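Asker:
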Amino acid sequence: MVLPPGHRGNFPPTVNTRRQHQFLCYTIEGLNSFGTVLYFTYLYFLLHAQFGFRDAQNLAVAALLGLVYAVAAWQGGKFGQHHGNFAALKLGFALMAVSYVVASQLHFAAGQILGAAAVSLGMCFTWPVLEALISEGETPEHIPHAVGIYNITWAWTNAGALFIGGTIVEKFGYASIYWLPLGIVLVQLALTFWLESIKLPALEQNSAPVPDSNRLSPARAKNFQQLAWLANPFAYIAINTLIAVLPGVAAKFQLTPMFAGFACSLWGFARLATFVVLWRWDGWHYRFRWLAAAFALLVISFTLILVVPNLPAVLAAQIFFGAAIGLIYYSSLFYSMDASDTKSEHGGIHEAAIGVGNCLGPAAGATALWLAPQNASTGAWAVTGLLTLGFGGLLWLRKSR
């Protein structure tokens with residue numbers, strides 16, 4: 016085929032610019048997931064190995080960090096909405112970089128906890144904005160696609176950090192949980208300046224929208240947003256509790272950090288697979304039975320992971336756990352972006368809800384272990400009870416609407 020004179024056979028500038036913008040957004044997001052998961056997951060192993068922290072103490076730390084995140088994420092989303100997404104990103108990454116350096120020099124337990132709180136504070140300015148950047152300016156029919164790629168991107172780097180993090184710690188020592196995330200966040204900061212320099216052209220509005228056959232009226236769509244906002248904190252109640260007690264799980268099965276990373280990352284890969292399915296299939300949109308089934312599965316699988324004394328059973332339960340939290344998280348983010356115009360602020364609410372879950376679950380587990388330290392499963396059963404109450408709340412909210 017002979018091309019017309021001057022035709023280079025590539026995409027129009029508008030398409031190239033948008034693709035470059037999306038590629039940078041997803042790259043920053045993936046790096047953010049890998050660095051923060053590596054740091055926060057293996058921080059609990061550090062506290063266990065160097066300061067003798069057991070499940071109760073690690074759960075208390077996780078509850079504190081969740082509280083910081085719950086308060087700051089909401090404000091981080093509002094900051095991005097009112098002062099600009101790039102101002103929020105640069106502030107967040109700069110604060111995280113400084114916090115990693117400071118934490119690496121504080122060789123006492125309280126210093127490590129304060130350093131982690133500072134990293135968490137900086138992180139609160141990044142996730143709400145990244146969620147907004149991938150969907151802001153997109154037409155309604157393109158938002159599900161953008162949210163799908165966003166979820167898949169952070170999920171595979173998240174699972175990768177869980178899987179390989181223990182090996183990194185064993186090969187390079189615990190100092191690696193500061194310096195590797197520091198290098199990553201500096202790369203993210205440079206990419207943010209590059210992303211800011213890209214000026215996106217206005218979207219063409221001359222094409223007819225592609226309707227979502229499952230889309231409801233605005234009022235009922237808002238109800239699904241509220242249902243997902245209720246469910247998502249309970250998913251993170253389970254996730255953050257599990258992460259905080261991973262050193263205890265590893266000790267129970269006599270696993271080194273490396274093999275703990277291998278064995279206890281299966282749920283992350285199951286969540287990734289779930290994200291891929293939900294991205295390609297929209298039959299779950301605005302279908303309550305899928306959300307309810309995922310919540311019920313969450314309660315059962317979480318309990319099995321922490322209570323059963325058999326490693327193969329723990330591995331099997333992780334598959335169902337990953338599928339459950341995958342659908343719950345995907346629902347929360349999709350409904351947040353699909354039913355709102357103030358995307359940074361709603362992204363902040365979505366992240367704040369995660370922070371609430373990150374706080375409540377470990378707090379319940381730590382309290383139970385403090386009250387009944389003679390029973391190692393007390394914390395797990397306390398969190399299971401909390402998850403069951405959440406499932407009842409979901410059913411009540413649905414019925415009341």
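Following our numbering, the numbering of the sequence shown begins with 16 at its first residue and continues without gaps.
Just so it is clear, CB atoms sit at the ideal spot from N, CA and C, and this is done for glycine as well.
This one's a predicted model, so the numbers in the text were calculated from it and none came from an experiment.
Decide if residue 120 is buried, meaning its Cβ has at least 16 other Cβ atoms within 10 Å, or exposed.
Answerer: Residue 120 is exposed by the Cβ-count criterion.
Asker: With a cut-off of 8 Å on the beta carbons, I'd call residue 172 and residue 273 a contact; round off their distance for me.
Answerer: With a Cβ gap of about 19 Å, residue 172 and residue 273 do not count as contacting.
Asker: Between the region 81–99 and the region 142–149, are three or more C-beta pairs nearer than 8 Å?
Answerer: Touching, yes.
Asker: Please state whether the Cβ-Cβ distance between residue 133 and residue 127 is less than 8 Å.
Answerer: Not a contact, by the Cβ cut-off of 8 Å.
Asker: Counting only runs of 4+ residues fully inside the region 19–91, write out the alpha helix (DSSP H) ranges in chain order.
Answerer: Correct list: 28–66.
Asker: Any idea if residue 290 is buried or exposed, counting beta-carbon neighbours within 10 angstroms, 16 or more meaning buried?
Answerer: It is buried - the Cβ of residue 290 has at least 16 other Cβ atoms within 10 Å.
Asker: If distances are taken between C-alpha atoms only, which option among 34, 312, 284 and 208 comes closest to residue 335?
Answerer: Nearest option by C-alpha distance: 312.
Asker: Using the rule of at least 16 other Cβ atoms within 10 Å of the residue's Cβ for burial, across every protein chain shown, is residue 325 buried or exposed?
Answerer: It counts as exposed.
Asker: For a quick check, are the C-beta atoms of residue 284 and residue 337 less than 8 Å apart?
Answerer: Cβ atoms of residue 284 and residue 337: closer than 8 Å.
Asker: Suppose you measure from the CA of residue 78 to the CA of residue 376; what does that come to, to the nearest Å?
Answerer: Cα to Cα, the separation comes out at about 7 Å.
Asker: Using the beta-carbon count (16 or more within 10 Å), is residue 262 buried or exposed?
Answerer: Residue 262 should be labelled buried.
Asker: How long is the line joining the alpha carbons of residue 44 and residue 309, rounded to whole angstroms?
Answerer: Answer to the nearest angstrom: the Cα atoms are 26 Å apart.
Asker: Exposed or buried, residue 50, counting other C-beta atoms within 10 Å across all chains shown (16 or more means buried)?
Answerer: Classification for residue 50: buried.
Asker: Between residue 398 and residue 238, what straight-line distance do the alpha-carbon atoms span, to the nearest angstrom?
Answerer: About 26 Å.
Asker: For residue 412, which three-state DSSP category applies?
Answerer: Helix, per DSSP.
Asker: Take residue 148 and list the residues in its own chain whose beta-carbon comes closer than 7 Å to its own, dropping the five residues that flank it on each side.
Answerer: Closer than 7 Å at the Cβ level, and outside the excluded window around residue 148, lie 40 and 100.
Asker: Counting only the same chain and skipping the five closest in sequence on each side, list residues whose C-beta sits under 8 Å from that of residue 303.
Answerer: These residues qualify, in order along the chain: 239, 242 and 413.
Asker: Residue 251 and residue 394: beta carbons closer than 8 Å?
Answerer: Against a cut-off of 8 Å, the Cβ pair of residue 394 and residue 251 comes out as no contact.
Asker: Could you give the residue range of the alpha helix (DSSP H) that holds residue 182?
Answerer: Residues 158–187.
Asker: Let me confirm a value: residue 169 is counted as buried when at least 16 other C-beta atoms fall within 10 Å, else exposed. Which label applies?
Answerer: With 16 or more Cβ atoms within 10 Å of its Cβ, residue 169 is classed as buried.
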